[in-house]
Amino acid sequence: MIKKVEEKNENQNNSKRVYVEGPKHGVKVPMREVSLSPTRSSDGKETENPPIRLYDTSGPWGDSEFHGQHELGLPPLRKNWVLDRGDTEIIDGRKSTPADNGYLSDLHAQRSDKRANELPDFDRSKVTTRKSLPQKTVTQLYYARQGIITPEMEFVAIRENMKLQSLKNDLKCSEGEDRNTLVHQHQGESFGASIPEEITPEFVRSEIARGRAIIPANINHLELEPMIIGRNFLVKINANIGNSAVASSIEEEVEKMRWSTKWGADTLMDLSTGKNIHRTREWIIRNCPVPVGTVPIYQALEKVRGKPEDLTWEVFRDTLIEQAEQGVDYFTIHAGVLLRYVPLTSKRMTGIVSRGGSIMAKWCLAHHKENFLYEKWNEICEIMAAYDISFSIGDGLRPGSIADANDQAQFAELKTQGELTKRAWEFGVQVMNEGPGHVPMHMIKENMDKQIEWCHEAPFYTLGPLTTDVAPGYDHITSGIGAAMIGWYGCAMLCYVTPKEHLGLPDRDDVREGVVTYKLAAHAADLAKGHPAAQFRDNALSKARFEFRWQDQFNLSLDPDKAREFHDQTLPQDNAKTAHFCSMCGPTFCSMKISEEVRQYAKERGLAANDNAILDGMKQKAEEFNASGGEIYQS
258 MIKKVEEKNE NQNNSKRVYV EGPKHGVKVP MREVSLSPTR SSDGKETENP
308 PIRLYDTSGP WGDSEFHGQH ELGLPPLRKN WVLDRGDTEI IDGRKSTPAD
358 NGYLSDLHAQ RSDKRANELP DFDRSKVTTR KSLPQKTVTQ LYYARQGIIT
408 PEMEFVAIRE NMKLQSLKND LKCSEGEDRN TLVHQHQGES FGASIPEEIT
458 PEFVRSEIAR GRAIIPANIN HLELEPMIIG RNFLVKINAN IGNSAVASSI
508 EEEVEKMRWS TKWGADTLMD LSTGKNIHRT REWIIRNCPV PVGTVPIYQA
558 LEKVRGKPED LTWEVFRDTL IEQAEQGVDY FTIHAGVLLR YVPLTSKRMT
608 GIVSRGGSIM AKWCLAHHKE NFLYEKWNEI CEIMAAYDIS FSIGDGLRPG
658 SIADANDQAQ FAELKTQGEL TKRAWEFGVQ VMNEGPGHVP MHMIKENMDK
708 QIEWCHEAPF YTLGPLTTDV APGYDHITSG IGAAMIGWYG CAMLCYVTPK
758 EHLGLPDRDD VREGVVTYKL AAHAADLAKG HPAAQFRDNA LSKARFEFRW
808 QDQFNLSLDP DKAREFHDQT LPQDNAKTAH FCSMCGPTFC SMKISEEVRQ
858 YAKERGLAAN DNAILDGMKQ KAEEFNASGG EIYQS
């Protein structure tokens with residue numbers, strides 16, 4: 258059976274999942290509310306601190322009031338939203354075959370899969386499969402162009418603001434403004450983005466209508482809590498999971514899904530290869546509260562026994578429909594790897610490093626024909642539109658080394674991505690574009706600028722980029738640097754990299770490290786570009802740090818468990834959680850403690866915390882220093 262992902266006691270992190278109701282459709286939008294302890298002044302007076310609401314991706318699994326079971330999946334949150342639109346119908350759908358799970362026959366599956374009895378196929382008896390009615394378009398892009406604000410659009414608007422609408426006037430930054438308030442915010446540099454002070458449902462609709470944002474939400478993935486990907490919204494992160502032919506199991510991948518969303522993954526990509534691909538994906542989707550993406554060519558390749566030259570449009574089309582009916586929310590499709598671009602990679606340091614890119618390059622060369630994904634693009638768009646699946650147009654020629662960054666092959670494919678984007682929009686299909694890869698810091702912005710221009714402002718989704726090649730084992734850091742930069746420049750979603758990148762399949766600890774690192778990079782980008790909901794959390798944590806509210810510092814951090822663990826390694830006692838120092842400087846040399854004493858000095862003398870008060874405080878401290886013997890270090 259699937260292991261239960263251990264959830265820390267909410268009382269320990271002093272948080273709970275709360276829901277904000279939307280006025281238009283009555284949607285209930287989840288957030289994580291962290292209660293804070295009061296500020297205690299030296300005279301014993303207490304001042305209450307308001308609770309802080311944080312973006313939460315854990316789904317119902319993160320709600321202490323929810324007692325679901327993996328065998329039943331999550332509740333179908335969007336069921337009535339889809340039904341009320343009246344533009345879909347229930348279909349029987351295709352039946353799962355042994356080939357879907359990488360087997361030649363039922364007998365082959367029974368003999369090969371010794372673990373099938375431990376975790377059988379997910380019970381779909383209560384799961385319906387839907388498709389658009391004939392002549393109907395059911396995509397969020399279509400609705401947005403019709404001027405319709407869907408429940409999904411209202412949901413993401415409320416989610417983006419995190420209930421900070423009432424603070425929008427205070428968030429305006431002016432010269433000379435006091436910085437010791439929670440609502441202080443620096444003016445960001447957005448590089449031409451159009452980020453409003455408040456994210457409204459109408460703004461969401463308009464951004465989707467223009468193709469500048471997407472809400473990945475297959476009509477068959479009713480369990481997901483909608484989110485938005487776009488340059489003018491919070492930077493999102495993706496976590497990759499999936500079994501392989503040599504490691505991992507279905508149970509482990511479902512656990513990784515829960516683990517990833519617990520730490521903050523906004524979407525998941527199931528990159529399973531080997532056996533049980535269909536079964537693994539079904540368990541993941543039915544239990545996943547965030548959008549799920551795949552690379553369909555991986556499963557199609559398994560169906561032809563791993564031989565790229567044997568791939569056909571018919572096999573690929575069947576795989577698309579199979580995954581569409583399961584509820585996959587976005588597909589990575591490497592249609593931009595054209596036959597004429599393959600020779601451009603011949604002088605590269607590392608050639609073609611994308612799995613999907615290399616598969617299609619080999620097919621093109623084996624048949625000396627144009628990429629059939631490019632040739633069949635219109636038919637692919639029709640399938641996507643029937644289920645509201647978003648495109649993540651793959652970057653099969655992305656650079657796999659610093660030496661190959663920004664070369665002719667990479668940018669040739671990017672231009673083709675722009676062409677494919679416009680063609681998909683004609684079918685009402687939502688689109689984002691994938692990007693590199695390995696790019697040194699000074700060459701990152703060129704990638705963003707060209708993508709905005711050539712791909713018509715469709716959202717950009719990048720793997721890092723990694724900014725150096727010399728740190729195997731630390732590539733979550735080398736890529737986190739590039740991710741923060743490109744997120745600032747306008748990238749909408751960042752694909753995480755774990756410490757195991759280039760070395761092996763990540764385990765749960767690697768997943769946690771990768772997700773938290775990328776949440777950090779995304780948040781840094783949100784601060785830099787001036788998202789209205791970004792700095793409030795920083796201010797709250799800084800205030801807690803200055804006031805030595807240790808538990809609040811832990812609870813407001815991206816990884817409360819690690820922050821608490823590190824603190825307890827040197828100061829494990831309960832009274833250390835209220836001490837006005839940490840183990841770095843100790844009680845004598847804590848800069849914040851000294852600053853607090855200066856403020857208290859000013860307050861006792863009826864002085865404002867201005868330059869005169871500080872000078873007076875410094876004078877008194879000097880007198881105390883000399884009176885104590887003038888020694889720099891005192892025990």
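So for the sequence shown, the numbering used here puts the first residue at 258; every next one is plus one.
Quick reminder that beta carbons are idealized off the backbone N, C-alpha and C, glycines included.
Treat the numbers as computed from the prediction; the structure is a model and nothing was measured.
Does the beta-carbon distance from T576 to P548 come in below 8 Å? no
First and last residue of the beta strand (DSSP E) that includes T678? Segment 665-683 is the alpha helix (DSSP H) holding T678; no beta strand (DSSP E) there.
Whole-number beta carbon distance between R488 and R469, since they are thought to touch under 8 Å: 6 Å
At what residues does the alpha helix (DSSP H) containing A496 begin and finish? Residue range 493-498 is occupied by the beta strand (DSSP E) that includes A496, with no alpha helix (DSSP H) assigned at that position.
With H, G and I counted as helix, E and B as strand and the rest as coil, what does DSSP make of D732? DSSP places D732 in helix when its eight states are reduced to three.
How many angstroms separate the CA atom of C430 from the CA atom of E676? No answer about C430 holds up, because its pLDDT of 49 lies below 50 and its placement is not dependable.
Could you check if P332 is buried or exposed, using at least 16 other CB atoms within 10 Å of its CB as the buried criterion? exposed
With a CB to CB cut of under 6 Å and the five nearest residues on each side skipped, what residues in its chain are close to K425? Residue placement at K425 cannot be trusted, given a pLDDT of 48 that sits under 50; the coordinates are not used to answer.
Just the C-alpha distance for W570 and A797, rounded to the nearest angstrom, thanks. 54 Å
With a CB to CB cut of under 7 Å and the five nearest residues on each side skipped, what residues in its chain are close to L568? Cβ within range, chain order: A557, L558, V561, W620.
Can you list the alpha helix (DSSP H) stretches of 4 or more residues lying completely in the segment 307-348, in chain order? Counting only runs of 4 or more, we get 336-342.
Could you name the residues that DSSP lists as bridge partners for F412? Per DSSP, none; premise fails for F412.
Residues near A884 in its chain [Cβ-Cβ closer than 8 Å; skip 5 each side]: none
Mind checking whether L334 and E482 have CB atoms under 8 Å apart? Between L334 and E482, the C-beta gap is smaller than 8 Å, which places the two residues in contact.
Which residues does DSSP pair with K388 in a beta bridge? E346
Name the DSSP beta bridge partners of L916, please? Because the chain is modelled from 258 through 892, residue 916 falls outside the range shown and cannot be assessed.
Closer than 7 Å to a non-hydrogen atom of the ligand MG - does that hold for the CB of T394? Ligands displayed in this structure: none; no statement on the ligand MG is therefore possible.
Starting from the C-beta of R310, find all residues in its chain whose C-beta is less than 6 Å away, skip the five residues before and the five after it, and write them out in chain order. M288, E290, M419, K420
In the DSSP assignment, the beta strand (DSSP E) including E508 goes from what residue to what residue? That residue, E508, is in no beta strand (DSSP E); its alpha helix (DSSP H) goes 507-520.
Excluding the 5 residues flanking K707 on each side, which residues of the same chain have their C-beta closer than 7 Å to its C-beta? F668, L671
Closest to W711 by CA distance: which of A728, D726, K679, Y718 is it? K679
Label I347 either buried or exposed according to how many other C-beta atoms from any shown protein chain fall within 10 Å of its C-beta, with 16 as the threshold for buried. exposed
Between the segment 604-612 and the segment 656-667, can you find at least three pairs of beta-carbon atoms closer than 8 Å? yes
Can you give the Cα-Cα distance for G316 and G343, rounded to whole angstroms? 27 Å
Among R274, K876, R821, the one whose alpha carbon lies nearest that of D320: R274
Taking the alpha carbon of N437 as the point to measure from, which residue in Q810, F803, G730 has its own alpha carbon closest? Nearest of Q810, F803, G730 to N437, Cα basis: F803.
Give the straight-line distance between the Cα atoms of G614 and G325, rounded to the nearest whole angstrom. 40 Å
Per-residue burial, M742 [other beta carbons within 10 Å of its own, 16 or more giving buried]: buried
Near R543, what residues of its chain come up, given a Cβ to Cβ distance below 6 Å and the 5 sequence neighbours on each side ignored? G330, F379
Does DSSP classify D809 as helix, strand or coil? Helix.
Identify which residue in D818, T827, P355, S736 has its Cα closest to the Cα of N271. D818
Quick one: Cα of E459 to Cα of T407, how far? 10 Å
If you draw a straight line from the C-alpha of L630 to the C-alpha of E639, how long is it? Taking C-alpha positions only, L630 is separated from E639 by approximately 13 Å.
Separation of V594 from G651, as counted between CA atoms: 9 Å
Taking G555 as the reference, give the member of V754, I637, L528 with the closest Cα. Looking at the sequence itself, residue 555 is Tyr, so the reference to Gly does not match. The candidate whose alpha carbon is nearest that of Y555 is L528.
So if DSSP puts I590 in a beta bridge, which residue, or which two residues, is it bridged to? I650
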